[in-house]
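Data block below; observations after.
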Amino acid sequence: MDFHCHLDLYDNPQEVIRQATEAGTYVLSVTTTPKAFPGTKRLSANSPRIRTALGLHPQLAADRYSELNLFDLMLSETQYVGEIGLDGSTEFKSSLPIQSKVFRHILESCDRSGGKVLSIHSRNAAGRVLQHLSEAAGSSTSILHWFSGSSQDTAIANDLGCWFSVGPAMIRAKSGRERVSQMPIEKVLLETDGPFAMQNGKPLVPAQSELCIPILAEIWGVSKTTTRQQLVDNLKAIGVLARGVGV
Ligand code: MN
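Here my numbering is used: the first residue of the sequence shown is 13, the next is one more, and so on.
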């Protein structure tokens, strides 16, 4: 599975979709602006294993604030929301106040609609993101994508019931593997963050999320088969949450 991939941003999305379909990979296709949602959803109209998420990336929040109305209008069309969140890195620090407004608005809209499955960016803003999540009504399921918060942040995220999507680029770093070792085994999903994240100088494609499996097996101290089965179970559990069963 690849639970955070920007299908619309590859040079050749149809070829990436064809390969993912051939490999049987389940994909969460995230978007960065509400305007991109309809076209991105159409890309995978004939791909039952691909779901499209409605998003407004924190790095674009300041420029695309006006698309929040469109976001609300389209929200009923999907159970998945992303990429959303906050980015506190040097380049985007100055827009944090508007990013916060956008993020809070989205969290509230999702709660009002009964809860969504969220793919959340938190680069250099883990504490702030977790603060927002703790203030939200809590009907949504949060998946922290490529989480790089401190060990304390990870503990807070666990207390809040957050999920995590981890990819080859994250797990390659020792710090990434340390984070993963703190995450509950039943709350971990795979991602690539392609085409932004690379492997050997090339954008990662969905099936390559599986590169994480041997490393996860080592961290978890179980076999690769058990690791794979755990991830399948986790994906099923997220699917159940997305359909709102039991809510
Ligand atoms: Mn991304």
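We put the CB at the ideal spot given by N, CA and C, even for glycine.
Local Cβ density within 10 Å of residue i, reported as buried at 16 or more and exposed below that
i	result
N81	exposed
R30	exposed
D171	exposed
E27	exposed
D205	buried
N212	exposed
V252	exposed
R54	exposed
Q220	buried
S193	exposed
Q241	exposed
DSSP beta-bridge partners of residue i
i	result
G97	H133
P60	Paired residues: none, contrary to the question.
F176	L156, V200
M315	Nothing about residue 315 can be read from this structure; the chain reaches only from 13 to 259.
Q211	K214
S41	C17, T64
Y92	V129
Collapsed DSSP secondary structure at residue i in the structure displayed
i	result
C17	strand
L228	helix
V28	helix
V141	helix
V259	Confidence at V259 is low in this model, with a pLDDT of 37, below 50, so its placement is unreliable and no value can be given for it.
Y77	helix
R184	coil
H69	coil
T238	helix
D23	coil
G161	coil
A148	coil
D171	helix
T102	coil
A249	helix
D123	helix
G51	helix
Nearest-angstrom Cβ-Cβ length linking residue i and residue j, presumed shorter than 8 angstroms
i	j	result
V39	A32	6 angstroms
R124	H144	R124 to H144, Cβ: 16 angstroms. No contact.
L108	T90	27 angstroms between Cβ atoms; not a contact.
V141	L68	With a Cβ gap of about 14 angstroms, V141 and L68 do not count as contacting.
S152	K128	5 angstroms
E198	F15	Between F15 and E198 the Cβ distance is about 15 angstroms, and since that is not below 8 angstroms, they are no contact.
Check: residue i C-beta below 7 angstroms from any heavy atom of the ligand FMN
i	result
F104	Absence of the ligand FMN from the depicted structure is noted, with the ligand MN being the only ligands included.
**Report entry** Residues surrounding the ligand MN [beta-carbon distance to nearest heavy atom under 7 angstroms]
**Finding:** The set of residues with a C-beta under 7 angstroms from any non-hydrogen atom of the ligand MN comprises H16, H18, V42, E95, H133, H157, D205, F208, given in chain order.
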